[in-house]
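S.K.: Numbering-wise (my numbering), the sequence shown opens with residue 1110 and increments by one. Heads up, the beta-carbon is just placed ideally off N, CA and C, and yes, glycines get one too.
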Amino acid sequence: MKTVGVLALVIAGLVAMGLPATDALRYTVYKSKVSFYEAWQQCIANGGSLASIQLASQNANVLAAIQAAGGDGGWWLSGTDVGLEGSWVWFSTNKAVGTPYGFVNFAAGEPSNSGTNGENCLSMNIQGTWNDDACDKLLYYVCEFYSQ
Ligand SMILES: [Ca+2]
Ligand SMILES: [Ca+2]
């Protein structure tokens, strides 16, 4: 009882400070390859959201889910700069990437906006770092869900 009470106080404190209770988020990796927009829609259809990452701990949890699920290639997260080149937002939450905690995890040399049509959608690679990919590329994806 005592431990539960302390834990509740800690969580209440974190919420009061505006920090997300990251333990309340769980991640599911979907191993069908779809476009960024289809991934976004599928997560909503499944009762969740295409994953957004604000904290290193969330990045680590998503990476762990990817590694547990297996597979190769990239995994869609909800980041995009399709609205304004170079201005990255998490599509699921409409929050700027890197806000409010400063966590940004692009791989070296990314985002590259490669190709004639550019790259405007954010994926995680097997190292846990981020890349911009063409939004119509077919990749696995990660949905986030709030657990009780
Ligand atoms: Ca871009
Ligand atoms: Ca890229």
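Could you spell out the range, first to last residue, of the beta strand (DSSP E) harbouring residue 1247?
M.R.: Position 138 of the sequence shown, counted from the start, is the residue given in the question as residue 1247. Neither: residue 1247 is in no beta strand (DSSP E) and is coded neither H nor E.
S.K.: Just to confirm the assignment, what range does the beta strand (DSSP E) spanning residue 1138 have?
M.R.: By 1-based counting over the sequence shown, the position of residue 1138 is 29. Segment 1134–1143, the beta strand (DSSP E) holding residue 1138.
S.K.: Using 7 Å as the threshold, is the C-beta distance between residue 1154 and residue 1171 below it?
M.R.: On the sequence shown, residue 1154 is found 45 positions in, with the first residue counted as 1. On the sequence shown, residue 1171 is found 62 positions in, with the first residue counted as 1. Not a contact, by the Cβ cut-off of 7 Å.
S.K.: Is residue 1110 buried or exposed, if buried means 16 or more other CB atoms sit within 10 Å of its CB?
M.R.: Taking the sequence shown and counting its residues from 1, one reaches residue 1110 at position 1. Reliability of the predicted coordinates at residue 1110 is poor, the pLDDT of 45 falling under 50, and no value is obtained from them.
S.K.: Would the beta-carbon of residue 1174 fall within 7 Å of that of residue 1136?
M.R.: Here residue 1174 corresponds to residue number 65 of the sequence shown, with the count starting at 1. Here residue 1136 corresponds to residue number 27 of the sequence shown, with the count starting at 1. It is a contact, given that the beta carbons lie within the stated cut-off.
S.K.: Please go through the same chain and pick out, in chain order, the residues whose beta-carbon is closer than 6 Å to the beta-carbon of residue 1205, but skip the five residues on each side of it.
M.R.: Position 96 of the sequence shown holds residue 1205. Contacts found: 1198.
S.K.: I'd like the list of long-range same chain contacts for residue 1213, defined as Cβ closer than 7 Å, with 5 residues on each side in sequence excluded.
M.R.: Counted from its first residue, the sequence shown places residue 1213 at position 104. Only 1206 and 1207 meet the Cβ criterion.
S.K.: Where does residue 1240 sit, in a helix, a strand or coil, going by DSSP?
M.R.: Working through the sequence shown from its first residue, we reach residue 1240 at position 131. Correct three-state label for residue 1240: strand.
S.K.: Which word fits residue 1249, buried or exposed, when buried means at least 16 other C-beta atoms lie within 10 angstroms of its C-beta?
M.R.: Along the sequence shown, read from residue 1 onward, the residue named residue 1249 stands at position 140. It counts as buried.
S.K.: Using the Cβ count rule (16 or more neighbours within 10 Å means buried), how would you classify residue 1188?
M.R.: Locating residue 1188 in the sequence shown gives position 79, where the first residue counts as 1. Answer is buried; the Cβ neighbour count reaches 16.
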